[in-house]
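Residue numbers for the sequence shown follow my numbering, beginning at 2 and rising by one.
For each residue, glycine too, the CB sits at the ideal point set by N, CA and C.
Structure, as structure tokens:
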Amino acid sequence: MPTILETFANPAPHRDYTIAHSCPEFTSVCPKTGQPDFATIELEYIPDALCLELKALKLYYYAFRQEGIFYEAVVNRILDELAEACKPRWMRVTGRFNVRGGIASVVTAETGSRP
Numbered sequence: 002m003p004t005i006l007e008t009f010a011n012p013a014p015h016r017d018y019t020i021a022h023s024c025p026e027f028t029s030v031c032p033k034t035g036q037p038d039f040a041t042i043e044l045e046y047i048p049d050a051l052c053l054e055l056k057a058l059k060l061y062y063y064a065f066r067q068e069g070i071f072y073e074a075v076v077n078r079i080l081d082e083l084a085e086a087c088k089p090r091w092m093r094v095t096g097r098f099n100v101r102g103g104i105a106s107v108v109t110a111e112t113g114s115r116p
């Protein structure tokens, strides 16, 4: 994926605090049908030394628009790549996927330990 995640220094590294971002316009492609999958991606994390920069995060999410990937794979990949970029104390990614075929899906993955 060509999009580079950017970070900046945590302004309060001495404190545990939670950052939460929501992307209600996430889109990827179903690898079975080729149809678009729509979701809200919710990101929560406790930063350590670095925080994620929002414009780069938005462009990162938008890079999935043409990618064929299952729900479970996309949520776990996002978690892995975001955690690698900013090395948080704790991080959770939740994908709330819109109804398809009468079923709505929610996939959650997390890493680290929440204090």
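(Q) Going by beta-carbon coordinates alone, are residue 97 and residue 41 separated by less than 7 Å? (A) As a working note, residue 97 is residue 96 in the sequence shown. As a working note, residue 41 is residue 40 in the sequence shown. The answer is yes: Cβ separation under 7 Å.
Q: Say whether the region 80 to 96 touches the region 45 to 55, bearing in mind that this needs 3 or more beta-carbon pairs closer than 8 Å, one atom from each stretch.
A: With the cut-off at 8 Å, the region 80 to 96 and the region 45 to 55 touch.
Q) Taking the DSSP output, what are the residues bridged to residue 42? A) Counting from 1 along the sequence shown, the entry for residue 42 is found at position 41. Answer is 24 and 96, bridged to residue 42.
Q: Below 7 Å CB to CB, which residues in the same chain sit around residue 62 once its five sequence neighbours on both sides are set aside?
A: On the sequence shown, residue 62 is found 61 positions in, with the first residue counted as 1. For residue 62, where only same-chain residues beyond five positions count, the Cβ hits under 7 Å are 24, 27 and 42.
(Q) Looking at residue 100: is its Cβ nearer than 7 Å to the Cβ of residue 76? (A) Counting from 1 along the sequence shown, the entry for residue 100 is found at position 99. Counting from 1 along the sequence shown, the entry for residue 76 is found at position 75. The beta carbons of residue 100 and residue 76 sit no closer together than 7 Å.
(Q) So that I know if they touch, is there some Cβ in chain C lying closer than 7 Å to that of residue 82? (A) The question asks about chain C, but that chain is absent: this structure has only one protein chain.
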